[in-house]
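Have a look at the structure below, then the notes.
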Amino acid sequence: MARSGLCWNDGCTGGLGFWGANGHDGIWHIALSESLSKGSFLMPIFSGQGIENYHIGFDLLLALFHKISFIPIPNLYFQVIPPVLAFLVGLLTYKFVLLWTRSEKASLWSTFFVYFGGSFGWLVSLIRGQGWGGESMFWSMQSVSTLINPPFALSLVFLLAGLVLLLKLDEKFSRWIFLLCVLSFGILIEIKVYAGILALGGLMVAGVYSLIIERKSLIIKVFFSGSLIAWQPFWFLESMVGASDRFYAPKLAEAMLAYKSQPVIGKFVLAYGLTFVLFIVGNMGTRILFLLRKIRLNDKVEILIYPIIAAGIIIPTLFVQEGTPWNTIQFFYYSLFFTSILSGAVIGKWSKSSRLSAFIKMLVILLTIPTTIFTLKDVYLTEKPPAVLPAAETEALNFISRQPDGVVLTYPFDEVKSKNAVSPSPLSEYVTTAYVSAFSGKQVFLEDEMNLDIMQYPWRERRSLVGNFLNTLDIDSAKTFLEENNIKYVYWLKDQHARIGDKELNMTLIFSNSDVTVFKVN
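Note that the UniProt record's numbering has the sequence shown beginning at 1, numbered continuously upward.
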């Protein structure tokens, strides 16, 4: 995480490097936070429209920290906040498990799984002779990639803080602790909607249980104070065995589809049941040990945690997200997190007896950490980043950032170029991203179509308008487009241009270098 957003080679001739999901997700958060830091609640990648269908809690906090500290947002996002979040997640995990189990060993093991828990993807890759990779072979990211998703990491901080406060409330009621507990759970929905849904659902179950069995209303009060998907069952299971970049078992995939289209109940249940087991065991790795823990119905923490784990599994199994189907896998991240805690509690309890030998402990560690080690080696610590912001574009975007505010028009994202791009790919060809907005601090007419799709903006209409502008020979029509959409700057890479010349469009060249030309619309 800390390497992203910085020069990746000597002299910075290669520009700024981005590893993992930072080449898209990180860029988006920077663009949104830059906009929020100016007091604007307009969508930075869809000029003139407000922010809709998105929870801005993390980005708002990032913008606030920037205003207080004056540290540039990219540095806060990539270098400052991640280590702080990593420390807090570990500290609060230890604190929560210690308060809950009164076992230091369980606390240490839970913290180990939270930091290093991994899938069995490495084992499958090794057996197939494909090396030691496979972090997301079974779809879900693992612990090593937690900080690549800072909103997820921040949601864990608030979730753990809420649980710690809930345990303290159970010991002794305090109005201030109650209010902080409500705030911790209530704010989750604004930081990470997946966490909010699961946490509030878990609180509801635990609250109803506590109210009926123990005649206590404390948890249900916390729930009521704190309180985009589509039905497509088994999408993750089918794509896991059908996609070549996942587990990939083509014969099993064919059988599943055959039994689905022409139902043979017994074989259907067998095929999908087997794939579901592969999905669960493969993703959880050694954390599957949590199943050895006996559920205690008199433990309010477990009554809260197990529904979260169950919902985190069931929701992505049955639903996908409109626009970007795989986004609902983020519900499953919380299942992995809480099974990490429960697995630590299991081993911590075993550690009290002599039956658990040092050999068994070492075996658990050796089966757990390969995902972390080899994901770091093959993904995050590679010599070259998969995506870069070239030095020439960095210079051009810095120039635009110093200009008066105005809407920037960019060339539409080219999927053909993206598929043929050679690593390290410039951000313009990597995937559709918000990089012009992020590093210029300006609103862009149309950018990052992936996120616009997730948030259900009508971006295809705008893309069509841009295409018409680029291809028309009608000068009046082209000028009308620029005027009606308040376009102030035009950002083009080399070989990008409209059919009508810049002079005819009344545009003035204000910046150029080897890769970029920037025009101002008069």
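Here a beta-carbon is modelled for each residue, glycine too, at the ideal position from N, C-alpha and C.
For residue i, collect the residues of the same chain with a Cβ closer than 6 Å to its Cβ; drop the 5 residues on either side in sequence, then sort them by chain order.
i: Asn283; result: Ser119, Phe138 and Ser140
i: Ser425; result: Ala387
i: Lys503; result: none
i: Phe481; result: Phe469
i: residue 544; result: This structure cannot speak to residue 544, because the chain is shown only from 1 to 522.
i: Val364; result: Thr286
i: Trp8; result: Gly14, Gly17 and Pro385
i: Ser225; result: In this prediction, Ser225 scores a pLDDT of 48, lower than 50, which makes its location untrustworthy; the coordinate-derived value is nonetheless stated afterwards. Hits under 6 Å: Val182.
Could you say which of the options lies nearest to residue i if we only look at CA atoms?
i: Val144; options: Ala106, Glu104, Pro83 and Glu171; result: Pro83
i: Ala255; options: Glu484, Val241 and Pro325; result: Val241
i: Arg246; options: Gln130, Ile313, Lys520 and Phe173; result: Gln130
i: Glu15; options: Lys361, Gly133, Leu397 and Leu473; result: The displayed chain sequence assigns Gly, not Glu, to residue 15. Nearest of Lys361, Gly133, Leu397 and Leu473 to Gly15, Cα basis: Leu397.
i: Cys12; options: Leu381, Phe519 and Thr394; result: Thr394
i: Gly135; options: Leu376, Phe65 and Trp350; result: Just to set this straight, residue 135 is Glu in the shown sequence, not Gly. For Glu135, the nearest C-alpha among the options comes from Leu376.
i: Phe337; options: Met362, Val114 and His24; result: Val114
i: Asp59; options: Ile68, Gly441, Ile73 and Trp350; result: Ile73
i: Asn298; options: Trp100, Ala106, Thr508 and Leu85; result: Trp100
i: residue 524; options: His497, Val157, Asn75 and Phe70; result: Lying outside 1 to 522, the shown extent of the chain, residue 524 is not represented and no answer is given.
i: Phe112; options: Leu366, Phe279, Asn75 and Tyr248; result: Leu366
i: Leu167; options: Glu302, Ser464, Leu318 and Leu270; result: Glu302
i: Phe413; options: Leu257, Tyr491 and Ser440; result: Tyr491
i: Ser440; options: Arg402, Glu483 and Ile475; result: Arg402
i: Ser35; options: Ile475, Ser464, Gln443 and Arg102; result: Gln443
i: Ile305; options: Ile191, Leu108 and Tyr334; result: Tyr334
Who are the Cβ neighbours of residue i in its own chain at under 7 Å, not counting the five residues just before and after it?
i: Glu104; result: Leu98
i: Gly39; result: none
i: Glu415; result: none
i: Glu52; result: Met455
i: Lys494; result: Asp515
i: Ile471; result: The sequence as given places Asn at residue 471; Ile does not occur at that position. Closer than 7 Å at Cβ, skipping near neighbours: Arg499.
i: Phe374; result: Trp122, Trp132 and Gly133
i: Phe116; result: Ser143, Thr368, Ile369 and Thr372
i: Pro151; result: Phe58, Ile191 and Lys192
i: Lys95; result: Val164
Suppose the cutoff is 8 Å on Cβ atoms and the five residues either side in sequence are ignored; what does the same chain contact list for residue i look like?
i: Ala21; result: Ser145, Ile148 and Asn149
i: Phe511; result: Ala396, Phe399, Ile400, Thr517 and Val518
i: Ala2; result: Phe78, Gln79, Pro82 and Pro83
i: Pro390; result: Gly14, Gly15, Pro426 and Asp515
i: His66; result: Ser33, Ser37, Pro72, Ile73 and Leu76
i: Asn522; result: Asn506, Met507 and Thr508
i: Gly50; result: Phe41, Leu42 and Met43
Can you give the beta carbon distance from residue i to residue j, rounded, assuming they're within the 8 Å contact cut?
i: Arg296; j: Ser340; result: About 19 Å; that fails the 8 Å criterion.
i: Thr368; j: Gly285; result: 6 Å
i: Trp176; j: Thr371; result: The Cβ separation is near 41 Å, so there is no contact.
i: Ala421; j: Glu429; result: 4 Å
i: Ile187; j: Asp448; result: Incorrect: roughly 26 Å between the Cβ atoms, too far for contact.
i: Phe18; j: Pro385; result: 6 Å
i: Ala253; j: Glu238; result: 7 Å
i: Ala106; j: Lys349; result: 7 Å
i: Tyr259; j: Lys251; result: Wrong, their Cβ atoms sit about 13 Å apart, outside the cutoff.
What does the Cβ neighbour count give for residue i, buried or exposed, with the cut at 16 atoms within 10 Å?
i: Ile189; result: buried
i: Cys181; result: buried
i: Ile309; result: buried
i: Glu171; result: exposed
i: Gly162; result: buried
i: Met43; result: buried
i: Ser514; result: exposed
i: Ala358; result: exposed
i: Phe223; result: The predicted model places Phe223 with a pLDDT of 46, which falls under 50 and marks its position as unreliable; any figure quoted below should be read in that light. Burial call: buried.
i: Glu461; result: exposed
i: Met362; result: exposed
i: Gly48; result: exposed
i: Asp10; result: exposed
i: Leu154; result: buried
i: Pro307; result: buried
i: Thr93; result: buried
i: Gly501; result: exposed
i: Ser110; result: buried
i: Leu381; result: exposed
i: Val320; result: buried
i: Ile475; result: exposed
When you compare the stretch 275-288 with the stretch 233-244, are there three or more beta-carbon pairs, one atom per stretch, that lie closer than 8 Å?
Enough Cβ pairs lie closer than 8 Å, so yes.
Is it the case that the stretch 432-445 contacts the stretch 23-38, given that we only count it when at least three CB pairs across the two stretches are under 8 Å?
Taking 8 Å as the limit for Cβ pairs, the verdict is that the stretch 432-445 does touch the stretch 23-38.
Segment contact, 8 Å Cβ cut-off, at least three pairs: the stretch 476-490 with the stretch 394-409
Put simply, the stretch 476-490 touches the stretch 394-409. At least three CB pairs are less than 8 Å apart.
Taking 8 Å as the cut-off, does the stretch 445-454 touch the stretch 311-328 (at least 3 CB pairs, one atom from each stretch)?
Short answer: they touch.
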